[in-house]
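Heads up: the structure comes next, in structure tokens.
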Amino acid sequence: MLNDKTILITGGTGSFGHKCTEVILSRFQPRKLIIFSRDEFKQYEMAQKFPTAKYPCMRYFIGDVRDKERLYRAFQGVDYVIHGAALKQVPTAEYNPTEVIKTNIYGAENIINVAADRGVKNVLALSTDKAANPVNLYGATKLCSDKLFVAANAFIANDTTRYSVVRYGNVLGSRGSVIPFFLQQKPTGVLPVTDPRMTRFWITLEQGVDFVLKCLDRMLGGEVFVPKLPSMNIMDLARAICPECETPIVGIRPGEKIHEVMVPLADARNTLEFKNHYIILPDHDDITPRFDESPGERVPEDFEYSSGTNPWLLTVDELRDFLNGQ
Numbered sequence: 004m005l006n007d008k009t010i011l012i013t014g015g016t017g018s019f020g021h022k023c024t025e026v027i028l029s030r031f032q033p034r035k036l037i038i039f040s041r042d043e044f045k046q047y048e049m050a051q052k053f054p055t056a057k058y059p060c061m062r063y064f065i066g067d068v069r070d071k072e073r074l075y076r077a078f079q080g081v082d083y084v085i086h087g088a089a090l091k092q093v094p095t096a097e098y099n100p101t102e103v104i105k106t107n108i109y110g111a112e113n114i115i116n117v118a119a120d121r122g123v124k125n126v127l128a129l130s131t132d133k134a135a136n137p138v139n140l141y142g143a144t145k146l147c148s149d150k151l152f153v154a155a156n157a158f159i160a161n162d163t164t165r166y167s168v169v170r171y172g173n174v175l176g177s178r179g180s181v182i183p184f185f186l187q188q189k190p191t192g193v194l195p196v197t198d199p200r201m202t203r204f205w206i207t208l209e210q211g212v213d214f215v216l217k218c219l220d221r222m223l224g225g226e227v228f229v230p231k232l233p234s235m236n237i238m239d240l241a242r243a244i245c246p247e248c249e250t251p252i253v254g255i256r257p258g259e260k261i262h263e264v265m266v267p268l269a270d271a272r273n274t275l276e277f278k279n280h281y282i283i284l285p286d287h288d289d290i291t292p293r294f295d296e297s298p299g300e301r302v303p304e305d306f307e308y309s310s311g312t313n314p315w316l317l318t319v320d321e322l323r324d325f326l327n328g329q
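Pasting the structure below:
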């Protein structure tokens, strides 16, 4: 799929970008693989890991998705865009709302328009479970971004560019997730827990990259792809990491939920279930997904894919094995 193609990853110096680059270089021979981000030091570090001398296809572009003119330069000759750039920290978003809106919403709009003008084939935007029934600004901006990418298939007046979204849960061990925090706190003998009822979906970086690349190949435009993932309970995670640690309850942070949702109840009427994933279809179009040999089955009207009711709940031992395998 990606052989002799030019791929651009926005926010490419993040944890997803590193893993995605590693996977693409190991499986394909792209013409160019462009890392687009605004942090020159992270680009310098990434260039040490993936030097152009060893990987001639690698390109490193300093730029911000807020800067439409820079995107015009970067998207020249690009076949595929994986849009991962975003401001993602929930507390930061609550305190700096206008900055998050500029990146997550206006940046998405820039990606959509420039991709169409440059004739990009497929644009796949990375989303989050926090975009489903959002209760914080970060989730609200990502929901708006998702809506923009889905709707772009209807209002972009060309037959070249297609836009879809991948939505998944917390990435195991990524920056800002609870696992690095718990591991840091482990020597103190205390793991602060927000709420003992809290659950989350979990996915590894490699699983996330695999799913994204499959969706990039199979997307028709307008789909929101949702993988089937295991859930974990926060108390079980604490016991898996340090069973002897104390777990004082400190209360949830502003903008947090007890449980996360990836397919809201309101989207059930547009949702198809497949063996390993769901696809939320757009309202504006009638598409037949070609992800599997199976055409998929409509979920019940009262369906909701929530980490709190997910039948695939990891046990303490499974969580421990999950962590040891990373």
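Using our numbering, the letters of the sequence shown map in sequence onto residues 4 to 329. In this text, a Cβ means the ideal position worked out from N, Cα and C, and glycines have one as well. From a predicted model like this one, the values you see are computed outputs, not experimental measurements.
Between the region 214-221 and the region 114-128 there are three or more inter-stretch CB-CB distances shorter than 8 Å, so the stretches are counted as touching. Judged by DSSP secondary structure, ARG30 falls within the alpha helix (DSSP H) whose first and last residues are 18-30. Using a Cβ distance threshold of 9 Å, LEU129 and ALA77 do not count as a contacting pair.
Counting C-beta pairs with one atom in each stretch, the region 236-250 and the region 184-202 have three or more that are closer than 8 Å, which means they touch. The Cβ neighbour count for ALA118, taken over all protein chains shown within 10 Å, is at least 16; the residue is labelled buried. Apart from sequence neighbours up to five positions away, the residues of its chain that approach GLY211 with a beta-carbon distance below 7 Å are PHE19, TYR171 and VAL174, ordered along the chain. Annotation: the continuous beta strand (DSSP E) that includes ARG62 extends over 61-65.
Nearest to ILE114 by alpha-carbon distance, out of LEU151, ILE104 and GLN92, is LEU151.
Between the alpha carbons of TYR63 and GLU304 lies a gap of roughly 46 Å. Note: TYR141 is not bridge-paired with any residue in the DSSP secondary-structure output. Cβ-Cβ distances below 6 Å link THR131 to LYS145 in the same chain, with the five nearest sequence neighbours on each side left out; the list follows chain order.
The three-state secondary structure of ALA96, taken from DSSP, is helix.
In the structure shown, the three-state DSSP call for MET235 is strand.
A distance below 6 Å between beta-carbons, with the five flanking residues on each side excluded, links ARG73 to the following residues of its chain, in chain order: GLY66.
Taking a cut-off of 8 Å for Cβ pairs, the region 18-37 and the region 188-197 do not touch, as fewer than three such pairs fall below it. Proximity to ASP320 across GLU263, MET238, GLU300 and ASP270 peaks at MET238, based on C-alpha coordinates. Note: PRO230 is bridge-paired with HIS280 in the DSSP secondary-structure output. Going by DSSP, ARG165 is part of the beta strand (DSSP E) stretching over 165-171. Counting the other Cβ atoms within 10 Å of the Cβ of TRP205 gives 16 or more, which makes it buried. Contact check between the region 82-100 and the region 42-50: fewer than three CB pairs, one atom from each, fall below 8 Å, which does not count as touching. Comparing C-alpha distances from ARG272 to each of ILE261, HIS262, LYS260 and PRO285 shows the shortest one belongs to PRO285.
With 16 or more neighbouring CB atoms inside 10 Å of its own CB, ASN313 falls in the buried class.
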